[in-house]
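*Asks:* Please find one structure pasted underneath; my questions will follow.
There are 2 protein chains.
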Amino acid sequence: MKNKYLALLFMTLFMGQVCIAQTNQTPIVEDFKPSTVNQPGQEYPQVNSQGYARFRVAAPQAQNVVVSLGLGGAKGGTPLTKTDDGSWMGTTAGPMDEGFHYYHLTIDGGVFNDPGALNFYGSVRWESGIEIPAHDKDFYALKDVPHGNVQQVLFPSKSTDTSRRAFIYTPPGYGKDTKKRYPVLYLQHGWGEDETAWSNQGHANLIMDNMIADGKIKPFIIVMTYGMTNEVKFGKIRSFDIKPFQTVLIEELIPYVDVNFRTLANQSNRAMAGLSMGGMETQTITLARPDVFSYYALLSGGTYKPEEIKGKANPKLIFISCGSRENPDGVKNAVADLNAAGIKAVSYVSENTAHEFLTWRRSLRELAPLLFK
Amino acid sequence: MKNKYLALLFMTLFMGQVCIAQTNQTPIVEDFKPSTVNQPGQEYPQVNSQGYARFRVAAPQAQNVVVSLGLGGAKGGTPLTKTDDGSWMGTTAGPMDEGFHYYHLTIDGGVFNDPGALNFYGSVRWESGIEIPAHDKDFYALKDVPHGNVQQVLFPSKSTDTSRRAFIYTPPGYGKDTKKRYPVLYLQHGWGEDETAWSNQGHANLIMDNMIADGKIKPFIIVMTYGMTNEVKFGKIRSFDIKPFQTVLIEELIPYVDVNFRTLANQSNRAMAGLSMGGMETQTITLARPDVFSYYALLSGGTYKPEEIKGKANPKLIFISCGSRENPDGVKNAVADLNAAGIKAVSYVSENTAHEFLTWRRSLRELAPLLFK
Chain A
12 MKNKYLALLF
22 MTLFMGQVCI
32 AQTNQTPIVE
42 DFKPSTVNQP
52 GQEYPQVNSQ
62 GYARFRVAAP
72 QAQNVVVSLG
82 LGGAKGGTPL
92 TKTDDGSWMG
102 TTAGPMDEGF
112 HYYHLTIDGG
122 VFNDPGALNF
132 YGSVRWESGI
142 EIPAHDKDFY
152 ALKDVPHGNV
162 QQVLFPSKST
172 DTSRRAFIYT
182 PPGYGKDTKK
192 RYPVLYLQHG
202 WGEDETAWSN
212 QGHANLIMDN
222 MIADGKIKPF
232 IIVMTYGMTN
242 EVKFGKIRSF
252 DIKPFQTVLI
262 EELIPYVDVN
272 FRTLANQSNR
282 AMAGLSMGGM
292 ETQTITLARP
302 DVFSYYALLS
312 GGTYKPEEIK
322 GKANPKLIFI
332 SCGSRENPDG
342 VKNAVADLNA
352 AGIKAVSYVS
362 ENTAHEFLTW
372 RRSLRELAPL
382 LFK
Chain B
12 MKNKYLALLF
22 MTLFMGQVCI
32 AQTNQTPIVE
42 DFKPSTVNQP
52 GQEYPQVNSQ
62 GYARFRVAAP
72 QAQNVVVSLG
82 LGGAKGGTPL
92 TKTDDGSWMG
102 TTAGPMDEGF
112 HYYHLTIDGG
122 VFNDPGALNF
132 YGSVRWESGI
142 EIPAHDKDFY
152 ALKDVPHGNV
162 QQVLFPSKST
172 DTSRRAFIYT
182 PPGYGKDTKK
192 RYPVLYLQHG
202 WGEDETAWSN
212 QGHANLIMDN
222 MIADGKIKPF
232 IIVMTYGMTN
242 EVKFGKIRSF
252 DIKPFQTVLI
262 EELIPYVDVN
272 FRTLANQSNR
282 AMAGLSMGGM
292 ETQTITLARP
302 DVFSYYALLS
312 GGTYKPEEIK
322 GKANPKLIFI
332 SCGSRENPDG
342 VKNAVADLNA
352 AGIKAVSYVS
362 ENTAHEFLTW
372 RRSLRELAPL
382 LFK
């Protein structure tokens with residue numbers, strides 16, 4: 012079990028660092044616009060309609076500036092070139108995959124963030140982010156629809172002797188009708204990320220708001236908390252042990268949420284899902300505590316085998332997804348095996364995406380309508 | 012009126028950039044510890060018991076690295092020196108004031124954040140932050156007490172044709188007792204900051220949690236939203252006009268909050284406060300709409316004159332504060348004038364602090380028990 016974790020965790024690490032871009036010899040279209048996740052008023056980084064990313068960084072006396080995104084150099088990344096005005100500029104060698112990517116700058120041998128971009132917690136640090144507009148970006152856009160809230164909750168955790176943080180999405184109208192109760196999805200981030208990821212990088216709240224406004228789903232609550240305990244936040248992945256997190260989630264967070272939010276506090280109205288390492292956590296915890304959740308979802312985070320479920324757990328639905336650049340056959344085959352064994356399971360493959368957030372945004376969009384039927 | 016704004020706004024800018032440190036010839040005590048607002052697992056920047064800050068930045072091929080904090084160089088700031096292992100190190104020339112400071116690095120002529128520190132929105136960008144532990148830091152510490160939540164709200168704004176963001180603090184127990192209603196404080200940030208400042212830099216939620224746990228205040232809601240409209244977020248301060256924000260606040264946000272939160276929706280249970288530019292906004296809006304708020308508070312953000320109040324507004328209380336390194340006499344004299352005119356007013360001066368967040372954390376601590384009596 013431990014080796015399986017490590018293998019998958021390192022796959023996550025590896026895929027997080029190698030950005031998949033396609034080399035492409037068609038001319039670059041000069042319609043670059045600022046990335047939608049730039050800091051206020053910042054012109055760079057920019058993205059064009061083909062998905063190329065262009066960077067501009069002011070550092071007049073620097074010797075060397077490289078962006079970790081793209082395929083430009085021998086080691087990957089996009090080397091920037093000094094221009095006459097003292098800034099460094101460069102464009103990725105090919106278009107990037109649609110969606111969100113983490114990146115950073117290496118300036119004279121040191122790692123820094125791009126001052127033009129907003130920061131997102133990934134790779135165990137606040138990294139720069141860039142958004143390549145996806146053809147289907149509408150489903151996670153901020154629109155003029157009723158919006159739910161995302162609230163920071165500090166809940167007491169005796170097992171870790173700390174106040175721990177969760178972010179909780181409550182659907183539109185939650186504050187108005189103070190009698191209505193809702194099902195709950197517990198939704199986990201990946202390795203190197205934290206409890207901010209599903210809102211900041213994933214736009215989980217906007218995906219929900221839009222689907223609720225479209226009448227595609229019934230409203231539910233989403234709870235997002237940090238999926239590691241103690242020092243693992245600091246990168247010590249070898250010492251990762253899921254049991255302390257299982258205790259936090261099952262013994263501390265769920266009871267806290269059920270007291271402080273208007274939940275339907277029972278197994279049939281509770282789901283767990285996670286991406287990458289969060290998928291592995293979901294797999295382990297749902298099987299260890301089959302009495303707690305009724306819906307299980309693994310997003311680029313492993314599979315279930317029929318023998319792990321049969322006679323041991325009775326989920327209403329299992330959902331397994333990944334990007335087409337990951338292991339789609341593995342996902343489809345796992346779901347076929349589950350279905351053959353009489354277990355209700357659904358697969359989803361995100362087209363032309365890898366182990367990145369567009370895969371998971373789309374996975375949440377596909378998962379949400381299947382929950383709490 | 013416009014010139015007065017500009018003068019105060021530029022004062023804000025100026026004081027935000029010059030960090031007040033005292034030169035000090037006593038030996039530096041080698042008890043440096045990582046700043047409490049470092050990124051997870053990061054050893055630097057560090058702070059010692061005297062308030063000196065020490066920086067360490069890896070950039071082996073850089074020519075020049077300067078920290079904008081401290082008084083080391085001709086232009087201010089702390090120049091770092093290259094060490095044998097390729098990292099750059101340096102210590103401020105003297106102890107820093109207690110509390111929170113923004114800073115950034117200048118590396119080979121470019122402005123970047125310190126990869127060791129968390130980022131905070133100030134100076135119209137996400138800046139690095141460092142915390143010099145204050146002797147009274149206990150009042151804003153994260154403690155094992157019941158915690159309120161801070162929720163991100165996206166509210167519709169017809170006047171600006173956008174979904175605008177507010178963060179709303181609800182006190183401990185808000186989710187449990189779904190009948191209780193609360194007074195509301197509308198609390199504004201300063202220029203170059205945004206709606207994240209009072210929670211991230213100010214710890215407004217922890218200050219409230221601790222005072223509620225100690226029985227020092229009755230619980231109330233705090234609403235924090237972005238105090239500018241349109242492109243001013245991008246630094247175009249010369250075009251600043253308060254009216255669009257007044258419309259957002261009075262016509263859009265307050266009604267939204269009163270519908271979606273369990274407020275006591277009347278003038279006597281509504282307060283407005285702000286720091287620096289937010290104080291100027293508070294002054295203007297409370298006087299323009301004396302029917303809306305009953306408590307007015309200016310934190311390092313101007314004063315009221317008796318003739319502005321008498322016969323025009325009837326506040327239950329005016330609170331005016333600043334740091335001792337700002338203009339304490341101006342604050343005290345203004346409050347004396349108000350009291351002499353029969354207007355209930357209270358002043359507060361934060362000892363040994365300037366135009367920075369420890370002044371405002373302390374001001375909130377002093378203000379909160381005076382509200383909603």
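As you go down the protein sequences, you meet chains A and B in turn.
Convert by adding 11 to the 1-based position in the first sequence; the result is the number in the working numbering.
Convert by adding 11 to the 1-based position in the second sequence; the result is the number in the working numbering.
We put the CB at the ideal spot given by N, CA and C, even for glycine.
Every value quoted in this text rests on a predicted model; they were computed, and no experiment measured them.
(1) Three-state secondary structure (DSSP) at Lys44 (chain B)?
(2) Could you compute how far the alpha carbon of Asn75 (chain A) sits from the alpha carbon of Gly97 (chain B)?
(3) What separation, rounded to the nearest whole angstrom, lies between the Cα atoms of Ser311 (chain A) and Asp302 (chain A)?
(4) Does Arg65 (chain B) have its Cβ less than 7 Å from a Cβ in chain A?
(5) Which same chain residues end up closer than 6 Å to Lys227 (chain A) when comparing Cβ atoms and leaving out the 5 residues on each side of it in sequence?
(6) Going along the chain, which residues of its own chain have a beta-carbon closer than 6 Å to the beta-carbon of Ile320 (chain B), five neighbours each way excluded?
(7) Where in the stretch 71 to 139 of chain B do unbroken runs of the beta strand (DSSP E), each at least 3 residues long, occur, reported from the N-terminal end onward?
(8) Check whether the Cβ of Leu153 (chain B) lies closer than 7 Å to any Cβ atom in chain A.
(9) Taking C-beta to C-beta, are Ala224 (chain A) and Val156 (chain A) nearer than 7 Å?
(10) How many angstroms separate the CA atom of Gly84 (chain A) from the CA atom of Lys93 (chain A)?
(11) In angstroms with no decimal places, state the Cα-to-Cα distance between Leu217 (chain B) and Asn160 (chain B).
(12) Can you tell me where the beta strand (DSSP E) with Met283 (chain A) in it begins and where it stops?
(13) Which of the three DSSP states, helix, strand or coil, is assigned to Leu198 (chain B)?
(14) Does Pro182 (chain B) get closer than 7 Å to chain A when you measure Cβ to Cβ?
(15) Could you pull the start and end residues of the beta strand (DSSP E) that Gly334 (chain A) belongs to?
(16) For a test of the three-state rule: what should DSSP assign to Ala152 (chain B), helix, strand or coil?
(17) Can you find a C-beta in chain B that's less than 7 Å from the C-beta of Ser174 (chain A)?
(18) What does the alpha-carbon distance come out to for the pair Pro51 (chain B) and Arg67 (chain B)?
(19) Between which two residues does the alpha helix (DSSP H) containing Asn221 (chain A) stretch?
(20) Any C-beta of chain B sitting closer than 7 Å to the C-beta of Glu377 (chain A)?
(21) State the CB to CB distance for the pair Gly140 (chain A) and His200 (chain A), rounded to an integer number of angstroms; the pair is presumed to be in contact (CB under 8 Å).
(22) Give me the chain B residues within the contact set of His158 (chain A), using Cβ-Cβ distance strictly less than 7 Å, ordered along the chain.
(23) Roughly how many whole angstroms lie between the Cα atoms of Val243 (chain B) and Arg136 (chain B)?
(24) Please tell me whether Gly133 (chain A) and Gly81 (chain A) are closer than 7 Å, where the distance is taken between their beta carbons.
(25) Along the chain, which unbroken stretches of the beta strand (DSSP E) at least 3 residues long are found entirely within the stretch 266 to 327 of chain B?
(26) Go ahead and label His158 (chain B) buried or exposed: buried means 16 or more other beta carbons lie within 10 angstroms of its beta carbon, across all protein chains shown.
(27) DSSP three-state call for Asn160 (chain B): helix, strand or coil?
(28) Taking a Cβ distance cut-off of 8 Å, strictly less, list which residues of the stretch 127 to 144 of chain A are near chain B, in chain order.
(29) I'd like to know whether the C-beta of Asp96 (chain B) is nearer than 7 Å to at least one C-beta of chain A.
(30) Which chain A residues are close to Ala208 (chain B), counting only those with a beta carbon under 8 Å from its beta carbon?
(31) Is it buried or exposed for Pro38 (chain A), if we count other Cβ within 10 angstroms and need 16 for buried?
(32) What span of residues does the beta strand (DSSP E) with Arg65 (chain A) cover, start to end?
(33) When Cβ atoms are compared, which residues of the stretch 253 to 283 of chain A fall closer than 7 Å to chain B?
(34) Helix, strand or coil for Glu168 (chain A)? Go by DSSP, reduced to three states.
(35) Relative to the alpha-carbon of Ile265 (chain A), which residue among A:Pro183, A:Val346 and A:Ala177 has its alpha-carbon at the smallest distance?
(36) With Val346 (chain B) as the anchor, note down where its alpha helix (DSSP H) starts and where it stops.
*Replies:* Reading it off the structure:
(1) The count along the second sequence starts at 1 and reaches residue 44 (chain B) at position 33. Reduced to three states, the DSSP call for Lys44 (chain B) is strand.
(2) Translated into positions along the first sequence, residue 75 (chain A) becomes position 64. Translated into positions along the second sequence, residue 97 (chain B) becomes position 86. In this model, Asn75 (chain A) and Gly97 (chain B) are separated by some 15 Å (Cα to Cα).
(3) The count along the first sequence starts at 1 and reaches residue 311 (chain A) at position 300. The count along the first sequence starts at 1 and reaches residue 302 (chain A) at position 291. Approximately 24 Å between the Cα atoms of the pair.
(4) As a position in the second sequence, residue 65 (chain B) is number 54, starting the count at 1. False, the Cβ-Cβ gap to chain A never drops below 7 Å.
(5) Position 216 of the first sequence holds residue 227 (chain A). Taken in chain order, the residues that qualify are Pro380.
(6) As a first step, residue 320 (chain B) is located in the second sequence; it is residue number 309 there, counting from the start. Closer than 6 Å at the Cβ level, and outside the excluded window around Ile320 (chain B), lie Ile354.
(7) 76 to 78, 98 to 102, 110 to 114, 116 to 118, 121 to 123 and 130 to 133
(8) Translated into the one-based positions of the second sequence, residue 153 (chain B) becomes position 142. At least one chain A Cβ lies under 7 Å of Leu153 (chain B).
(9) If you number the first sequence from 1, residue 224 (chain A) lands on position 213. If you number the first sequence from 1, residue 156 (chain A) lands on position 145. Closer than 7 Å, so yes.
(10) Numbered from its first residue, the first sequence carries residue 84 (chain A) at position 73. Numbered from its first residue, the first sequence carries residue 93 (chain A) at position 82. For Gly84 (chain A), the predicted model reports a pLDDT of 48, less than 50, meaning its position is unreliable and no value from the coordinates is stated.
(11) Within the second sequence, residue 217 (chain B) is the residue found at index 206, counting from 1. Within the second sequence, residue 160 (chain B) is the residue found at index 149, counting from 1. Computed Cα separation, rounded: 10 Å.
(12) Translated into positions along the first sequence, residue 283 (chain A) becomes position 272. Segment Arg281 to Leu286, the beta strand (DSSP E) holding Met283 (chain A).
(13) The sequence position of residue 198 (chain B) within the second sequence is 187, counting from 1. Leu198 (chain B) falls in the strand class under three-state DSSP.
(14) In the second sequence, the residue the question calls residue 182 (chain B) occupies position 171. Taking Cβ atoms only, chain A never reaches closer than 7 Å to Pro182 (chain B), which makes this a no.
(15) Sequence index remark: in the first sequence, residue 334 (chain A) carries index 323 (1-based). Its beta strand (DSSP E) spans residues Leu328 to Gly334.
(16) Within the second sequence, residue 152 (chain B) is the residue found at index 141, counting from 1. Note: Ala152 (chain B) maps to coil in three-state DSSP.
(17) Numbered from its first residue, the first sequence carries residue 174 (chain A) at position 163. The beta-carbon of Ser174 (chain A) is placed less than 7 Å from the nearest beta-carbon of chain B.
(18) Indexing the second sequence from 1 puts residue 51 (chain B) at position 40. Indexing the second sequence from 1 puts residue 67 (chain B) at position 56. Spanning the two alpha carbons is a distance of roughly 16 Å.
(19) Taking the first residue of the first sequence as 1, we reach residue 221 (chain A) at position 210. Its alpha helix (DSSP H) spans residues Ala215 to Ala224.
(20) As a position in the first sequence, residue 377 (chain A) is number 366, starting the count at 1. No, Glu377 (chain A) does not count as interfacial toward chain B.
(21) Translated into the one-based positions of the first sequence, residue 140 (chain A) becomes position 129. Translated into the one-based positions of the first sequence, residue 200 (chain A) becomes position 189. At roughly 14 Å, the Cβ-Cβ gap does not stay under 8 Å, so Gly140 (chain A) and His200 (chain A) are not in contact.
(22) Taking the first sequence and counting its residues from 1, the one referred to as residue 158 (chain A) is at position 147. Here the neighbours are Leu165 and Ser174.
(23) On the second sequence, residue 243 (chain B) is found 232 positions in, with the first residue counted as 1. On the second sequence, residue 136 (chain B) is found 125 positions in, with the first residue counted as 1. Any reading at Val243 (chain B) needs caution, since the residue's pLDDT is 46, under 50, leaving its predicted position unreliable; the model's value is listed next. About 13 Å.
(24) Translated into positions along the first sequence, residue 133 (chain A) becomes position 122. Translated into positions along the first sequence, residue 81 (chain A) becomes position 70. In this structure, Gly133 (chain A) keeps its C-beta atom at 7 Å or more from the C-beta atom of Gly81 (chain A).
(25) 281 to 286 and 306 to 310
(26) Within the second sequence, the letter at position 147 stands for residue 158 (chain B). Buried: at least 16 other Cβ atoms inside 10 Å.
(27) Stepping through the second sequence from its first residue, residue 160 (chain B) is reached at position 149. If DSSP states are grouped into helix, strand and coil, Asn160 (chain B) belongs with the strands.
(28) Leu129, Asn130, Val135, Arg136 and Trp137
(29) Within the second sequence, the letter at position 85 stands for residue 96 (chain B). No - not a single Cβ of chain A is within 7 Å of the one on Asp96 (chain B).
(30) Along the second sequence, read from residue 1 onward, the residue named residue 208 (chain B) stands at position 197. The premise fails here: Ala208 (chain B) is roughly 14 Å from chain A at the closest Cβ pair, so nothing lies under 8 Å.
(31) Here residue 38 (chain A) refers to the residue found at position 27 of the first sequence. The residue in question, Pro38 (chain A), is exposed, as its Cβ has fewer than 16 Cβ neighbours within 10 Å.
(32) Mapped onto the first sequence, residue 65 (chain A) falls at position 54. Element bounds for Arg65 (chain A): Ala64 to Ala69.
(33) Val270, Asn271 and Phe272
(34) Residue mapping note: residue 168 (chain A) aligns to position 157 of the first sequence, counting from 1. Per the sequence presented here, residue 168 (chain A) reads as Ser, with Glu not at that position. Looking at Ser168 (chain A) - three-state DSSP - the assignment turns out to be strand.
(35) In the first sequence, counting from the first residue as 1, residue 265 (chain A) sits at position 254. Measuring from the Cα of Ile265 (chain A), the nearest candidate turns out to be A:Ala177.
(36) Position 335 of the second sequence, counting from 1, holds the residue named residue 346 (chain B). Its alpha helix (DSSP H) spans residues Pro339 to Ala351.
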